[in-house]
Amino acid sequence: MTPQITTAAPLVPDNPTLTSLRDVAAGCRACDLWKTGTQTVFGGGAREAQVMLVGEQPGDREDVSGEPFVGPAGKLLDHALEEAGIGRRAAYVTNVVKHFKWEAKGKRRIHKKPNLQEITACRPWLDAEIAVVRPKVIVCLGATAAQALLGKDFRVSRQRGRFVDSPLAPFVTATVHPSSILRGSPESRAAELRDFVADLSRVPPVL
Ligand code: URA
Ligand code: SF4
20 MTPQITTAAP LVPDNPTLTS LRDVAAGCRA CDLWKTGTQT VFGGGAREAQ
70 VMLVGEQPGD REDVSGEPFV GPAGKLLDHA LEEAGIGRRA AYVTNVVKHF
120 KWEAKGKRRI HKKPNLQEIT ACRPWLDAEI AVVRPKVIVC LGATAAQALL
170 GKDFRVSRQR GRFVDSPLAP FVTATVHPSS ILRGSPESRA AELRDFVADL
220 SRVPPVL
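Counted the way the numbering used here counts, the sequence shown spans residues 20 to 226.
Written out as structure tokens, the structure reads:
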């Protein structure tokens, strides 16, 4: 018997809109993360957005607010987008996994990496977002997004900032996750931010 693989696919409506997707995803229980997350954190941005930025999963702040990239990593991302000349209105931001996965450490909730089963379960939401927005450029932020979208052999450290052939969009690339810059030492941060902005700066010329 083949093992049952549960995904969100049966929930995705025909002819979806961002609003209908968001509404249905709010009740998703395709993996166990809904039990410990506060709410589904769906992507955000305009349907007309030309650039889609894909992170790993919502963080603590996003879990509470229900919106993606509103915490410290989101602030850094906003700043870098502005530096790179990508208007906030041109950008749609989302995540590979739409519930916050965490473990308790004292009173804090520490981010825990989603596993392949959770990534697979949640993938239909991301595919539906891509189908509705049809971005010209997709930017994977960090290894989880890059490996989910570009294959498990993709290495951000070696391949960041380059456009790669992909059926997902005319231009697809990957760079580091903004959280990784925040985790770095204060001395390394300026250089890492500069490299992050340099990667994002490749986007406006192809829009
Ligand atoms: N990190 C992510 O990958 N996504 C968010 O929405 C916030 C932090
Ligand atoms: Fe559904 Fe994704 Fe949440 Fe799992 S993480 S319950 S697949 S929305």
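All C-beta atoms, glycine included, are put in the ideal place defined by N, C-alpha and C.
Counting along the chain, residue 73 sits inside the beta strand (DSSP E) bounded by residues 70-74. The DSSP assignment places 79-84, 91-103 and 135-152 as complete runs of the alpha helix (DSSP H) inside the segment 72-159, in order along the chain (cut-off: 4 residues). In chain order, 195, 199, 200 and 203 place their CB closer than 8 Å to the CB of residue 211, counting only its own chain and leaving out the 5 sequence neighbours on each side. Taking the C-beta atoms as reference points, residue 78 is found no nearer than 8 Å to residue 161. Beyond the five residues adjoining it in sequence on each side, residue 39 comes within less than 8 Å, by CB distance, of 32 in the same chain, given in chain order.
Each residue's CA atom was taken as its position, placing residue 223 and residue 93 some 20 Å apart. When rounded, the separation of the alpha-carbon atoms in residue 83 and residue 37 is 21 Å. The three-state reading of DSSP puts residue 183 in strand, counting E and B together. Close CB contacts of residue 166 within its chain, under the 6 Å cut and outside five residues either way in sequence, are with 173 (chain order). For the pair residue 48 and residue 64, the Cα-to-Cα distance works out to about 24 Å. For residue 26, no beta strand (DSSP E) run applies, since DSSP gives it neither H nor E.
Annotation for residue 110: 64, 68, 70, 72 and 100 place their beta carbon closer than 7 Å to its own, counting only its chain and skipping 5 residues before and after. The closest heavy atom of the ligand URA lies less than 7 Å from the beta carbon of residue 75.
Placement of the Cβ of residue 84 at a distance of 7 Å or more from every heavy atom of the ligand URA is found. Contact between residue 132 and residue 163 is confirmed by a C-beta separation of about 7 Å, below the 8 Å threshold.
Using a Cβ-Cβ distance cut-off of 8 Å, the segment 49-57 and the segment 133-141 are in contact, since at least three pairs of beta carbons, one from each stretch, lie closer than that value.
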